[in-house]
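K.L.:
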Amino acid sequence: MRRVKPVLLLFFLAVLQPSLSAAAKGDADPNAAAAWKNYMRKDTTVAPAYRFPHASCFKAATATYGLPETLLLAVARGESDFESNARSRANAHGVMQIQWPGTAKHLGVYRLSDLYDPCTNIDAGARYLKELVTEYNGNLHLALAAYNYGPSRIPRNAVDIPDGASWYSGYIFRHLNYILGNRSNRRTPGEHLYSELGRTTLVSFGEPYRAAAFVSGIEQ
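For the sequence shown, the residue numbers in this note's numbering are 94 to 313.
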């Protein structure tokens, strides 16, 4: 989170669809900044389309920090697919991939083992994201870029940001669309458990670009 970190990215049959494969090619969302502004104007109160893991933890974090539940769910799905034991080679841990020890201790988590408690981790991730949203004056595009790249690398009023940081923002927006039910195929909110959607783990990747290359190869 202070730098480009390896993300535990589980590759599922369920995400082999045009919207996500486009993101995998590097075109996560060419208008991510505008898309996030539109979300903040219209969709922050929309309920998640499914019942996701650690639901009570996300609801508590939403109440504590005033962030949309769907935003937190999108970050968690993009970072770890809700895996409480996820760990990256950059020493980021848990559901929201909190970097140890720097970011974790900044957020009041002083034991590495605590990052594997879903509610503790989700609370820390929400607190960090809230700090960044405040730092960047409500600009979710920049806040998410900083969540991944680190705030020292994303100027407060940046117009141009590193390609990888912009990609990450669009990548999380793709997950947001899934959380919201992709609109055109929206189900009754909370009708199905996320774990019941028939996902099958095929292979895992240490970096998003490795998954991008894999998907691109399949499509050729």
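Virtual Cβ for every residue (Gly too), placed ideally from N, Cα, C.
(1) Would you mind listing the beta strand (DSSP E) stretches within the region 174–214 that are 3+ residues and don't spill past its ends, in chain order?
(2) Buried or exposed: where does residue 242 fall if 16 or more other Cβ atoms within 10 Å of its Cβ makes it buried?
(3) So for residue 132, helix, strand or coil by DSSP?
(4) Find the nearest neighbour of residue 286 within the set 141, 131, 132, judged by alpha-carbon distance.
(5) Roughly how many angstroms separate the alpha carbons of residue 161 and residue 155, rounded to a whole number?
(6) Per DSSP, residue 143 is paired with what?
(7) Flag this pair as touching only if the region 182–192 and the region 204–222 have three or more C-beta atom pairs under 8 Å; answer yes or no.
(8) Which of the three DSSP states is assigned to residue 138 in this structure?
(9) May I ask which residues mark the beginning and end of the alpha helix (DSSP H) holding residue 264?
(10) Quick one: grab the DSSP three-state call for residue 161.
(11) Please classify residue 203 as buried or exposed, where buried requires at least 16 neighbouring CB atoms within 10 angstroms.
(12) May I have the straight-line CA-CA distance separating residue 252 from residue 185, to the nearest angstrom?
(13) I'd like to know whether the C-beta atoms of residue 187 and residue 209 end up nearer to each other than 8 Å.
P.N.:
This is what the structure gives:
(1) none
(2) In summary, residue 242 is buried, with 16 or more beta-carbon neighbours lying within 10 Å of its beta-carbon over all protein chains present.
(3) helix
(4) 141
(5) 6 Å
(6) 285
(7) Short answer: they touch.
(8) coil
(9) 256–272
(10) Looking at residue 161 - three-state DSSP - the assignment turns out to be coil, as it is neither helix nor strand.
(11) A residue is called buried when at least 16 other Cβ atoms come within 10 angstroms of its Cβ; residue 203 does not meet this threshold and is exposed.
(12) 28 Å
(13) Yes, the Cβ-Cβ distance between residue 187 and residue 209 is below 8 Å.
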